[in-house]
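Residue numbers (the working numbering), protein chains in the order written: chain A, 1 to 139; chain B, 140 to 273. Okay, so here's the structure we're looking at.
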Amino acid sequence: MPEGLIKKQHQKKAVQQTKRPKFLNLIEIRLPLPGIVSILHRVSGAGLFLMLPLLIYLFANSLAGAEGMANVRALTDCVLVKLLLLGLLWAYLHHFCAGIRFLLLDVHVGLDLPAARAGAWAVLGVSLLLTLLIGVKVW
Amino acid sequence: MGRAGGQFVADVADWGEGMVKPRIVVGAHYGLMDWLLQRITAVVMAIYTLIFAFAVLGLKEVNQATWQALFSGGFMKFATFLFALSLFYHAWVGIRDIYMDYIKPVAIRLVLHSVTALLLIGYAGWVAQVLWRL
Numbered sequence: 001m002p003e004g005l006i007k008k009q010h011q012k013k014a015v016q017q018t019k020r021p022k023f024l025n026l027i028e029i030r031l032p033l034p035g036i037v038s039i040l041h042r043v044s045g046a047g048l049f050l051m052l053p054l055l056i057y058l059f060a061n062s063l064a065g066a067e068g069m070a071n072v073r074a075l076t077d078c079v080l081v082k083l084l085l086l087g088l089l090w091a092y093l094h095h096f097c098a099g100i101r102f103l104l105l106d107v108h109v110g111l112d113l114p115a116a117r118a119g120a121w122a123v124l125g126v127s128l129l130l131t132l133l134i135g136v137k138v139w
Numbered sequence: 140m141g142r143a144g145g146q147f148v149a150d151v152a153d154w155g156e157g158m159v160k161p162r163i164v165v166g167a168h169y170g171l172m173d174w175l176l177q178r179i180t181a182v183v184m185a186i187y188t189l190i191f192a193f194a195v196l197g198l199k200e201v202n203q204a205t206w207q208a209l210f211s212g213g214f215m216k217f218a219t220f221l222f223a224l225s226l227f228y229h230a231w232v233g234i235r236d237i238y239m240d241y242i243k244p245v246a247i248r249l250v251l252h253s254v255t256a257l258l259l260i261g262y263a264g265w266v267a268q269v270l271w272r273l
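Encoded structure:
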């Protein structure tokens, strides 16, 4: 290819790049599945962090004799608290499963698109299934 | 790598007006250390999660006495404390990443960093007290 033509193509490419559409309507853009798993990893981690005082409080009271156990019962008798704990159980399990997936990606397992998608599906499915199983058992 | 002005910088053929200054690539490596520790603590927590799950499944009945006995054992006490410390360090790295992504004003970020670090140190003391009271 003559040099002039190459230069022209480069310029054309540069123009195209600057004219790329920027579309950041958060309601309309669709995150790919691995992206959903990734943002849920962050959301679940943040949720768990924010609820640490509640979790440690429950853990402390569950090991503080009859009186402590009564405190735990009183708190967890409330349906809203139960739902919150169910949510946190999902958050833990999702964070756990997604974390294992990220560790595998770190060592280059499941990097190609089909494997990454399958892994993301597995993370979503397994964490929801385990939440359901443990949730029903403990509720 | 090239040496410039007494500091190692990433090799860049030419940097002039308007170009990004090459990043200094030596230092204390806090970032790498945190990245690594986030993963190491994750593995510790994952292993503990499995140990805990099997320990609870192994209980004939989950009641106050068996629950308390579970955490009274020396191994479980130690492992649980290790899990808690791993969790708090892991949370520190993760939450700090979130602040760095979304909180741009330095003053607010500093306050959030400080509050988060102090909270996590406090939690560690709380968990230690809960476990070694048993």
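Glycine included, every Cβ here is placed at the ideal spot set by N, Cα and C.
A direct Cα-to-Cα measurement between Q177(B) and A230(B) gives close to 8 Å. A Cβ of chain B is located within less than 8 Å of the beta carbon of A60(A). Restricted to the segment 190-260 of chain B, the alpha helix (DSSP H) segments that are unbroken, complete and at least 4 residues in length are 203-211, 213-241, listed in chain order. Minimum Cα-Cα distance from W265(B) among the listed residues R101(A), S62(A), I56(A) corresponds to I56(A). For the segment 232-256 of chain B, residues whose beta-carbon sits nearer than 7 Å to a beta-carbon of chain A comprise G233, I234, I237. Collapsing the DSSP output to three states places N61(A) in a helix. The CB of G45(A) comes closer than 9 Å to the CB of H229, A230, G233, I234, I237 in chain B, given here in chain order. With fewer than 16 other beta carbons inside 10 angstroms of its own, L129(A) counts as exposed. Here T131(A) is actually not in contact with L80(A); their C-beta atoms are around 17 Å apart, not less than 8 Å.
For C97(A), the enclosing alpha helix (DSSP H) starts and ends at 79-106. I100(A) reaches chain B at A185, counting residues in chain order whose Cβ is nearer than 8 Å. Less than 8 Å separates the beta-carbon of V37(A) from that of V123(A). Apart from sequence neighbours up to five positions away, the residues of its chain that approach N71(A) with a beta-carbon distance below 6 Å are N61, ordered along the chain. With a 10 Å radius around the Cβ and a threshold of 16 neighbouring Cβ atoms, T205(B) comes out exposed.
I234(B) sits close to T255(B), with the two beta carbons spaced by under 8 Å. If you draw a straight line from the Cα of I27(A) to the Cα of S211(B), it is about 50 Å long.
Counting along the chain, the unbroken alpha helix (DSSP H) around L48(A) starts and ends at 33-50. Burial of H95(A) is indicated by the presence of at least 16 other C-beta atoms within 10 angstroms of its C-beta. Neighbourhood of L273(B) in chain A, by CB distance below 7 Å: L63, in chain order.
With a beta-carbon spacing of about 6 Å, L221(B) and V183(B) fall inside the 8 Å limit used to define contacts. Distance from L48(A) to Y92(A) at the Cβ level is roughly 6 Å; contact confirmed, criterion being Cβ atoms closer than 8 Å.
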